[in-house]
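Everything on this sheet refers to the single structure shown next.
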């Protein structure tokens with residue numbers, strides 16, 4: 001039988017690494033994952049926020065940040081984000 | 001534990017201390033209210049009296065670069081129930 | 001049945017002391033109360049102020065609050081209650 005791994009176990013293994021967070025809207029974040037809870041609220045460090053607005057792309061640097069899990073769509077472990085190809 | 005020495009332990013204390021006072025309420029849909037706060041609950045449903053509502057209407061038609069003109073509409077209500085899920089922000093009168 | 005637990009080995013290290021900072025959301029929030037924060041709503045509006053307190057819904061009480069829209073200060077509040085469902089993130093605006 002294939003070993004089972006829960007989705008959140010995978011995220012738990014990313015603690016301490018860079019992670020790319022894609023929100024439901026036109027917004028993305030990258031940062032070092034410090035922790036998260038059952039709602040997938042996430043604490044990130046050295047964060048960059050990427051916004052796609054009608055005026056173009058916007059980047060914002062942030063220090064330690066608690067990201068509300070409510071609007072998170074996808075998580076990409078180990079990625080430096082949209083600029084990382 | 002009272003880091004701010006303001007007597008507030010949880011966010012709702014801010015609202016509790018504003019009962020019978022005039023408050024500013026920011027709502028979804030570019031609406032703003034000021035009124036006397038009579039009652040609230042855990043959803044942030046509110047009862048306000050002597051209310052003035054301000055509605056921002058951005059008119060982008062025929063405006064260049066999306067720089068539309070902002071029209072402000074105001075109206076008054078004697079007594080009002082506000083459904084909590086529309087509330088963005090409540091600011092009590094200054095305590096200073 | 002026949003598996004008895006191994007005797008305590010002299011080589012096994014003692015259990016690590018409980019981490020004082022595990023990095024969980026709860027720990028972050030404990031550390032950030034009383035500090036300057038940036039609260040961004042899903043609408044993109046920012047509130048900068050001192051975090052008085054918050055609750056499990058991410059309802060927030062802020063002091064000395066400035067409302068920023070597109071980098072411009074649009075309002076100031078002595079105190080502000082922000083309903084948690086609107087919150088996108090809470091970011092530390094000073095060293096923790």
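Chains as they are written, first to last, in full-length UniProt numbering: chain H, 1 to 85; chain F, 1 to 96; chain D, 1 to 96. Each residue gets a CB set at the ideal place from its N, CA and C atoms; glycine is no exception.
Point to revise | residue 39/D, buried or exposed, once every other Cβ within 10 Å from all chains shown has been counted against 16 | key: By the 16-neighbour rule on beta-carbons within 10 angstroms, residue 39/D is buried.
**Study point:** Beta carbon of residue 45/D nearer than 9 Å to that of residue 92/D
**Key:** Contact: no.
Check your understanding: What are the start and end residues of the beta strand (DSSP E) that includes residue 48/F?
Key -> Looking at the DSSP string, the run of the beta strand (DSSP E) that includes residue 48/F is 46-59.
Check your understanding: Using 8 Å as the threshold, is the stretch 41-48 of chain H in touch with the stretch 66-74 of chain H, meaning 3 or more CB pairs across them?
Key -> Between the stretch 41-48 of chain H and the stretch 66-74 of chain H, the count of C-beta pairs closer than 8 Å reaches three or more; the two stretches touch.
Review point. With distances taken between CB atoms, is the gap from residue 93/F to residue 78/D smaller than 9 Å?
Key: The Cβ atoms of residue 93/F and residue 78/D lie closer than 9 Å to each other.
Review point. So what does DSSP say about residue 32/D, is it helix, strand or coil?
Key: DSSP places residue 32/D in helix when its eight states are reduced to three.
Review point. Among 71/H, 80/H, 81/H and 10/H, which has the Cα closest to the Cα of residue 25/H?
Key: Looking at the Cα atoms, 71/H is the closest of the given residues.
Exercise for review: List the residues of chain D that residue 15/F touches, going by C-beta distances under 7 Å, in chain order.
Suggested key: Around residue 15/F, the beta-carbon contacts reaching into chain D at under 7 Å are 81.
Practice item. Using beta-carbon positions only, say whether residue 11/H and residue 75/H come within less than 9 Å of one another. Key: The Cβ atoms of residue 11/H and residue 75/H lie closer than 9 Å to each other.
Check your understanding: So, does the CB of residue 27/D fall closer than 9 Å to a CB anywhere in chain F?
Key -> Among the residues facing chain F, residue 27/D is not included, as its CB has no counterpart in that chain under 9 Å away.
Point to revise | Own chain, CB closer than 7 Å to residue 56/F, minus 5 neighbours either side, in chain order | key: Within the same chain, residue 56/F has close Cβ partners 30, 70 and 72.
Exercise for review: Under 9 Å between beta-carbons, which chain F residues line up against residue 71/D? List them in chain order, please.
Suggested key: Simply none; closest approach about 16 Å.
Check your understanding: So residue 9/H is in the alpha helix (DSSP H); what residue range does that whole segment cover?
Key -> Residue 9/H -> alpha helix (DSSP H) spans 7-12.
**Study point:** Length at least 4, wholly inside the UniProt domain "Sm" (24-96) of chain D: the alpha helix (DSSP H) runs in chain order
**Key:** Taking only runs of at least 4 residues, the alpha helix (DSSP H) segments lying wholly in the UniProt domain "Sm" (24-96) of chain D are 25-32.
Practice item. Could you work out which residue in 24/F, 20/F and 28/F is closest to residue 81/D when comparing CA atoms only? Key: Nearest neighbour of residue 81/D by Cα position, chosen from 24/F, 20/F and 28/F, turns out to be 24/F.
Exercise for review: For chain D, find out if any of its Cβ atoms is closer than 9 Å to the Cβ of residue 59/H; answer yes or no.
Suggested key: Not closer than 9 Å to any Cβ of chain D, the Cβ of residue 59/H fails to qualify, so no.
**Study point:** Supposed close pair residue 27/H, residue 51/H - CB separation, criterion 8 Å
**Key:** 6 Å between Cβ atoms; contact.
Point to revise | Three-state class that DSSP yields for residue 16/F in the structure shown | key: Correct three-state label for residue 16/F: helix.
**Study point:** Three-state secondary structure assigned by DSSP to residue 85/F
**Key:** Assignment of residue 85/F by DSSP, reduced to helix, strand and coil, places it in the helix class.
Point to revise | residue 83/D versus residue 60/D: straight-line alpha-carbon distance, rounded | key: Approximately 7 Å, taken between the alpha carbons.
**Study point:** Partners in chain D for residue 15/H, counting only beta-carbon separations shorter than 8 Å
**Key:** In chain order: 23.
Review point. According to DSSP, is residue 70/H helix, strand or coil?
Key: Collapsing the DSSP output to three states places residue 70/H in a helix.
Practice item. Measure the alpha-carbon distance for residue 95/D versus residue 9/F and round it to whole angstroms. Key: Spanning the two alpha carbons is a distance of roughly 23 Å.
Review point. Does the beta-carbon of residue 5/H have 16 or more other beta-carbons within 10 angstroms, so that it is buried, or is it exposed?
Key: Burial check for residue 5/H: the Cβ neighbour count within 10 Å stays below 16, so the residue is exposed.
Check your understanding: Going by beta carbon distance, what residues of the same chain come within less than 7 Å of residue 75/D, once the five residues before and after it are set aside?
Key -> Taken in chain order, the residues that qualify are 67.
Check your understanding: On the premise that residue 19/F lies in contact with residue 37/F, defined as a C-beta separation below 8 Å, what is that separation, rounded to the nearest angstrom?
Key -> Their Cβ separation, rounded to whole angstroms, is 6 Å, which keeps residue 37/F and residue 19/F in contact under 8 Å.
Point to revise | residue 51/F and residue 80/F closer than 9 Å at C-beta | key: Yes, these two residues count as a Cβ contact at 9 Å.
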